[in-house]
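Visitor: Quick note, the sequence shown lines up with residues 41 to 255 if you use the working numbering. The beta-carbon is built from N, C-alpha and C at its ideal position, and this holds for glycine as well. Computed from a predicted model, the values in this text were never measured in an experiment. I am attaching a structure below and will ask some questions about it afterwards.
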Amino acid sequence: MNVFRFAGDMTHLISILVLLLKIYATKSCSGISLRTQELYTIVFLARYLDLFTDFISLYNTVMKLVFVGSSLAIVYCMRFHPTVRRSYDRELDNFRHYLLVVVCFLLALFVHEKFAFQEIFWAFSIYLEAVAILPQLVLLQRSGNVDNLTGQYVFFLGAYRALYILNWVYRYFTEQHFTRWISCVSGLVQTALYADFFYYYFISWKSNVKLKLPA
């Protein structure tokens with residue numbers, strides 16, 4: 041494992057911890073898109089089917105279980121916790137996320153590295169992860185003002201994908217048989233989706249003012 045992948049994993053873990061802190065400490069999910077969280081749950085369940093067939097390392101297994109377990113816990117809390125679910129912005133969070141699922145699955149059926157059950161679901165998870173943040177970004181844009189913890193969550197989530205691009209570049213030049221071009225292209229698309237958010241995040245950080253996205 042190289043330093044870029046480890047840093048990406050830790051940044052991803054931090055983003056989840058920030059989100060859990062917001063939900064469980066404040067008993068509020070205001071500004072958080074349930075639809076994005078449901079998409080991430082589908083992403084992890086589809087990608088980590090190999091938990092039942094392959095063992096790579098203890099670190100690898102633990103991280104997969106953490107991502108699956110935390111995503112399920114977040115969705116459950118936002119849907120069923122009596123206090124948290126009352127703060128959910130249902131009217132603003134109306135992105136038709138099921139269309140993303142259908143389009144990404146159809147794309148995986150035709151564009152994959154190997155026509156096999158796990159490989160198709162792996163490609164599907166990569167495509168879906170690239171666009172899973174869209175409902176969240178749309179929600180933030182509609183609501184305008186972004187609270188500190190929500191802004192940090194989205195920032196660390198975007199930083200994780202940026203670090204993974206460096207991981208793929210590193211692996212391309214150091215591994216003879218690295219061919220995960222689907223990951224590279226999807227990662228670039230996903231990072232590009234964060235560009236506008238990153239711009240306003242750094243402007244607010246530099247000016248020490250509350251993050252506010254233009255409508």
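For the candidate residues V178, A156, Y234, whose alpha-carbon lies nearest to that of R130?
Guide: Position 90 of the sequence shown, counted from the first residue, corresponds to residue 130. Checked all of V178, A156, Y234; the closest Cα to R130 is V178.
Visitor: For the putative contact between L74 and V108, defined by C-beta atoms under 8 Å, what is the C-beta separation to the nearest angstrom?
Guide: Position 34 of the sequence shown, counted from the start, is the residue given in the question as residue 74. Position 68 of the sequence shown, counted from the start, is the residue given in the question as residue 108. In fact, because the Cβ distance is near 17 Å, the residues do not count as touching under 8 Å.
Visitor: What whole-angstrom Cβ distance do G198 and F238 have, given they're in contact under 8 Å?
Guide: For this step, residue 198 is matched to residue 158 along the sequence shown. For this step, residue 238 is matched to residue 198 along the sequence shown. The Cβ separation is near 6 Å, so the contact holds.
Visitor: Give the secondary structure of N42 by DSSP, where H, G and I count as helix, E and B as strand, and everything else as coil.
Guide: Translated into positions along the sequence shown, residue 42 becomes position 2. Here N42 sits in coil by DSSP.
Visitor: To the nearest angstrom, report how far apart T190 and R125 are at their CA atoms.
Guide: The sequence position of residue 190 within the sequence shown is 150, counting from 1. The sequence position of residue 125 within the sequence shown is 85, counting from 1. Each residue's alpha carbon lies about 16 Å from the other.
Visitor: With 16 other CB atoms within 10 Å as the buried threshold, where does M41 fall?
Guide: Position 1 of the sequence shown, counting from 1, holds the residue named residue 41. By the 10 Å Cβ count, M41 comes out exposed.
Visitor: Using alpha carbons as the reference points, say which of E78, C117, C144, I54 lies closest to F161.
Guide: Taking the sequence shown and counting its residues from 1, one reaches residue 161 at position 121. Per the Cα distances, C144.
Visitor: Relative to the C-alpha of Y167, which residue among A148, L180, Q181 is closest?
Guide: For this step, residue 167 is matched to residue 127 along the sequence shown. Closest option to Y167, Cα to Cα, is A148.
Visitor: By DSSP, does I173 sit in helix, in strand, or in coil?
Guide: Position 133 of the sequence shown, counting from 1, holds the residue named residue 173. DSSP places I173 in coil when its eight states are reduced to three.
Visitor: If you drop the 5 nearest sequence neighbours on each side, which residues of the same chain put their C-beta closer than 7 Å to that of S1?
Guide: No statement about residue 1 is possible, as the shown extent of the chain runs from 41 to 255 and does not include it.
Visitor: Going by C-alpha to C-alpha distance, which of A86, I63, E159 sits closest to A113?
Guide: In the sequence shown, residue 113 corresponds to position 73, counting from 1. For the residues A86, I63, E159, the minimum Cα distance to A113 belongs to I63.
Visitor: Residues in its own chain within less than 8 Å of C69 by CB, not counting five upstream and five downstream?
Guide: Here residue 69 refers to the residue found at position 29 of the sequence shown. For C69, where only same-chain residues beyond five positions count, the Cβ hits under 8 Å are K62, I63, C117, M118, V124, R125, S127, Y128.
Visitor: So what's N134 in DSSP terms, helix, strand or just coil?
Guide: Taking the sequence shown and counting its residues from 1, one reaches residue 134 at position 94. Coil.
Visitor: From this set, D90, A47, L60, which residue's C-alpha is nearest Q158's C-alpha?
Guide: Here residue 158 is taken as the residue at index 118 of the sequence shown, counted from 1. If we check each option's Cα against that of Q158, D90 comes out closest.
Visitor: Let's see if you can read the secondary structure: which residues bound the alpha helix (DSSP H) around T76?
Guide: Working through the sequence shown from its first residue, we reach residue 76 at position 36. T76 -> alpha helix (DSSP H) spans 74 to 87.
Visitor: If we count the other Cβ atoms within 10 Å of its Cβ and call it buried at 16 or more, is E169 buried or exposed?
Guide: Indexing the sequence shown from 1 puts residue 169 at position 129. So E169 counts as buried.
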